[in-house]
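**Q** Below you'll find the structure I mean.
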Amino acid sequence: CLRTLVGHTGGVWSSQMRDNIIISGSTDRTLKVWNAETGECIHTLYGHTSTVRCMHLHEKRVVSGSRDATLRVWDIETGQCLHVLMGHVAAVRCVQYDGRRVVSGAYDFMVKVWDPETETCLHTLQGHTNRVYSLQ
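Residue numbering for the sequence shown follows full-length UniProt numbering, beginning at 1 and increasing consecutively.
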């Protein structure tokens, strides 16, 4: 073990690492941005009202999905929430982000395609007969 990151007050459901940055999402309703070399918590991201279940990091932004049925787009350098995406009616379980579009899957059996800049749902993909757990 090279380092133990201590800071969340609940269990960690999701994490992602790129270069020298680690992002973690927790049942404490926060995301934390960590320096992987020093173990220092750079930012704590507040805004979700329930467990952070998933995230996807792309360049300087991370998109998080929560049991509160929302997605949030964050600037990892400033810690600021840039956008809130609302439209799912159950927990968001998976998310992908390419810098232009967000795709999310949720316990409402839906996959949604978003324009995060306008906070608009562009498409709702229906037809699943159960919860959507994963996107690739």
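Using N, Cα and C, we set each Cβ at its ideal position, and we do this for glycine too.
Grab the span of the beta strand (DSSP E) containing asparagine 35 for me, first residue to last.
**A** On the sequence shown, residue 35 is found 35 positions in, with the first residue counted as 1. Segment 31–35, the beta strand (DSSP E) holding asparagine 35.
**Q** Does the distance from the CB of valine 89 to the CB of aspartate 108 come in under 7 Å?
**A** Position 89 of the sequence shown holds residue 89. Position 108 of the sequence shown holds residue 108. By the CB criterion at 7 Å, valine 89 and aspartate 108 fall inside the cutoff.
**Q** If we require 3 or more residues per run, which beta strand (DSSP E) segments fall completely within the UniProt repeat "WD" (45–84)?
**A** 52–58, 61–66, 70–75
**Q** From which residue to which residue does the beta strand (DSSP E) around histidine 123 run?
**A** One-based indexing of the sequence shown puts residue 123 at position 123. Residues 120–125.
**Q** So, using beta-carbon positions, are threonine 44 and threonine 30 closer together than 7 Å?
**A** Here residue 44 refers to the residue found at position 44 of the sequence shown. Here residue 30 refers to the residue found at position 30 of the sequence shown. Closer than 7 Å, so yes.
**Q** Classify tyrosine 97: buried if its beta carbon has 16 or more other beta carbons within 10 angstroms, exposed otherwise.
**A** Within the sequence shown, numbered from 1, the residue matching residue 97 stands at position 97. It counts as buried.
**Q** When the Cα atoms are used, what is the spatial distance from arginine 100 to serine 64?
**A** Along the sequence shown, one-based indexing puts residue 100 at 100. Along the sequence shown, one-based indexing puts residue 64 at 64. Going from the Cα of arginine 100 to the Cα of serine 64 covers about 15 Å.
**Q** If glycine 39 and arginine 3 are in contact, beta carbons under 8 Å, what's the gap, nearest whole angstrom?
**A** As a first step, residue 39 must be located in the sequence shown, where it is residue number 39. As a first step, residue 3 must be located in the sequence shown, where it is residue number 3. The beta carbons of glycine 39 and arginine 3 sit about 5 Å from each other, so the pair counts as a contact at 8 Å.
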